[in-house]
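Everything on this sheet refers to the single structure shown next.
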Amino acid sequence: MMAWPDVAVLGAGNMGGALVARLREHAISVSVCDPDRQRQAEALAVGAQVLNTPRAAVQNLGIDGVVLIVVVNDTQCEDVLWGEHGAAAVLQVGHTVVLCPTMAPEVVEDIAERLATMGVACVDAPMSGGPLRARAGTMSWMLAAPATVFARHKALWDVLANPVFHVSERCGDGSRTKLVNNLLAGINLVGTAEVLVLAERMGLNLHTTMDVIERSSGQSWIGSDRMRRALRGDLAPLAHVTLLEKDTGLAMAEAQRVGFEGPLAASATAVFAQTRQAGWADHDDGSVLAYLRGDAPPAKP
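Using this note's numbering, you'd call the opening residue of the sequence shown number 356 and step up by one each time.
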């Protein structure tokens, strides 16, 4: 029988909650911290232990414990580690901290260096694929960490994702890879929404148009995933529009840092910002279709 490490999940939202359920499906001991009561109830329902603070969630991990940080951004990451009730105060030599948010590479490098001074390993581990694939263990995982750290918990990585990419031994390269991927995802999503609005103005049936695109050269996974739901009127946020605004903005900053300016990135990034500003911030990123159509966002309840 596999001897699994104890796992703490800090942030049990759409992605984090899916990882919690996946871990519990394999009878892995999981402690969870998330301020949202619905997320707490969902974690309890699958047999996880729910604690009130990040520090409490990590306090009783075994010596080879793994901390999955599944928050939204670097500010939240800093808070769950070094805030008033942060986990860093109880991390031990032998623990491994896994950074899942999409963050600027230099932020990841700084966190990894600070953890290293404590004898704590760090894995730069942004994810791709959405909560349904995370729940099924079929999301893509881009891991950057020293080979020894990667190998130590390979069985755990394989439970949570397929494929798992060990992109580099340098923390920060996972985030660089994710930024490249998400920039292309953003470009593809805006492009798909744009051509559907054009197709609609031309009098075409959009469901039929998507059938053709999905089996032709214009196909993209994110275009199909988001636009199929958007065409059904389903804009419940599996990934808020603000996330791709953030990620494409981070990619733009990294492009500027290395001295590259492409023709599409700025336009796609601007569309996500404009969609948010138009009132779609609380909706799925597929709402770019509604924004480009000129639709008004629904009134808040």
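We put the beta carbon where it would ideally sit given N, CA and C, even for glycine.
Going straight from the alpha carbon of L647 to that of G484, what length do you get?
In the sequence shown, the residue the question calls residue 647 occupies position 292. In the sequence shown, the residue the question calls residue 484 occupies position 129. Going from the Cα of L647 to the Cα of G484 covers about 24 angstroms.
Are three or more beta carbon pairs between the stretch 527-541 and the stretch 501-515 nearer than 8 angstroms?
Contact between the stretch 527-541 and the stretch 501-515 is absent, because fewer than three Cβ pairs lie under 8 angstroms.
What do you get for D650, buried or exposed, if any count of 16 or more other CB atoms within 10 angstroms of its CB means buried?
In the sequence shown, counting from the first residue as 1, residue 650 sits at position 295. Under this definition D650 is an exposed residue.
Report the three-state DSSP secondary structure of W576 (helix, strand or coil).
Position 221 of the sequence shown, counted from the start, is the residue given in the question as residue 576. Helix.
In whole angstroms, what separates the C-alpha of A499 from that of A376?
What you label residue 499 is simply residue 144 of the sequence shown in a count that begins at 1. What you label residue 376 is simply residue 21 of the sequence shown in a count that begins at 1. The straight-line gap from Cα to Cα measures roughly 24 angstroms.
Identify every residue that forms a DSSP beta bridge with M482.
Along the sequence shown, one-based indexing puts residue 482 at 127. Answer is W496.
Using a 10 Å radius around the Cβ and a threshold of 16 neighbouring Cβ atoms, would you call N407 buried or exposed?
Locating residue 407 in the sequence shown gives position 52, where the first residue counts as 1. Exposed, since its Cβ has fewer than 16 Cβ neighbours within 10 Å.
My output table needs one value for S622: the three-state DSSP class, helix, strand or coil.
Position 267 of the sequence shown holds residue 622. Helix, per DSSP.
Specify the secondary structure class of A636 as computed by DSSP and reduced to three states.
In the sequence shown, counting from the first residue as 1, residue 636 sits at position 281. It is coil, neither helix nor strand.
Reducing DSSP to helix, strand and coil, say where F615 ends up.
The residue you call residue 615 lines up with position 260 of the sequence shown. Here F615 sits in coil by DSSP.
Tell me, which residues are paired with Q447 by DSSP?
Translated into the one-based positions of the sequence shown, residue 447 becomes position 92. Paired residues: none, contrary to the question.
Any idea what DSSP makes of A540, helix, strand or coil?
The residue labelled residue 540 in the question sits at position 185 within the sequence shown. A540: helix per DSSP, three-state reduction.
Please report the distance separating the alpha-carbon of W635 from that of G441.
Position 280 of the sequence shown, counting from 1, holds the residue named residue 635. Position 86 of the sequence shown, counting from 1, holds the residue named residue 441. Answer to the nearest angstrom: the Cα atoms are 32 angstroms apart.
Quick one: what does DSSP say L647 is sitting in, helix, strand or coil?
On the sequence shown, residue 647 is found 292 positions in, with the first residue counted as 1. L647: helix per DSSP, three-state reduction.
Just tell me which of A403, S575, R531, T472 has its CA closest to the CA of M482.
In the sequence shown, residue 482 corresponds to position 127, counting from 1. Measuring from the Cα of M482, the nearest candidate turns out to be R531.
Pick out whichever of I424, A363, A400 has its Cα sitting closest to the Cα of I418.
In the sequence shown, residue 418 corresponds to position 63, counting from 1. The residue with the shortest Cα to Cα distance from I418 is A363.
Below 6 angstroms CB to CB, which residues in the same chain sit around E397 once its five sequence neighbours on both sides are set aside?
The residue you call residue 397 lines up with position 42 of the sequence shown. If we look at E397 and ignore the five residues flanking it on each side, its Cβ neighbours are G372.
Could you tell me whether any non-hydrogen atom of the ligand SAM is closer than 8 angstroms to the CB of L365?
Annotation note on the ligand SAM: not contained in the displayed structure, which lists no ligands.
With burial defined as no fewer than 16 other Cβ atoms inside 10 Å of the residue's Cβ, what is the status of D566: buried or exposed?
Taking the first residue of the sequence shown as position 1, residue 566 is located at position 211. With fewer than 16 other Cβ atoms within 10 Å, it is exposed.
Helix or strand or just coil, what does DSSP make of V519?
Counted from its first residue, the sequence shown places residue 519 at position 164. DSSP places V519 in strand when its eight states are reduced to three.
In the DSSP output, what is A363 paired with across the bridge?
Along the sequence shown, read from residue 1 onward, the residue named residue 363 stands at position 8. In DSSP, A363 forms a bridge with S386, V422.
By the DSSP assignment, the alpha helix (DSSP H) with C432 in it spans what residues?
As a first step, residue 432 must be located in the sequence shown, where it is residue number 77. Its alpha helix (DSSP H) spans residues 429-437.
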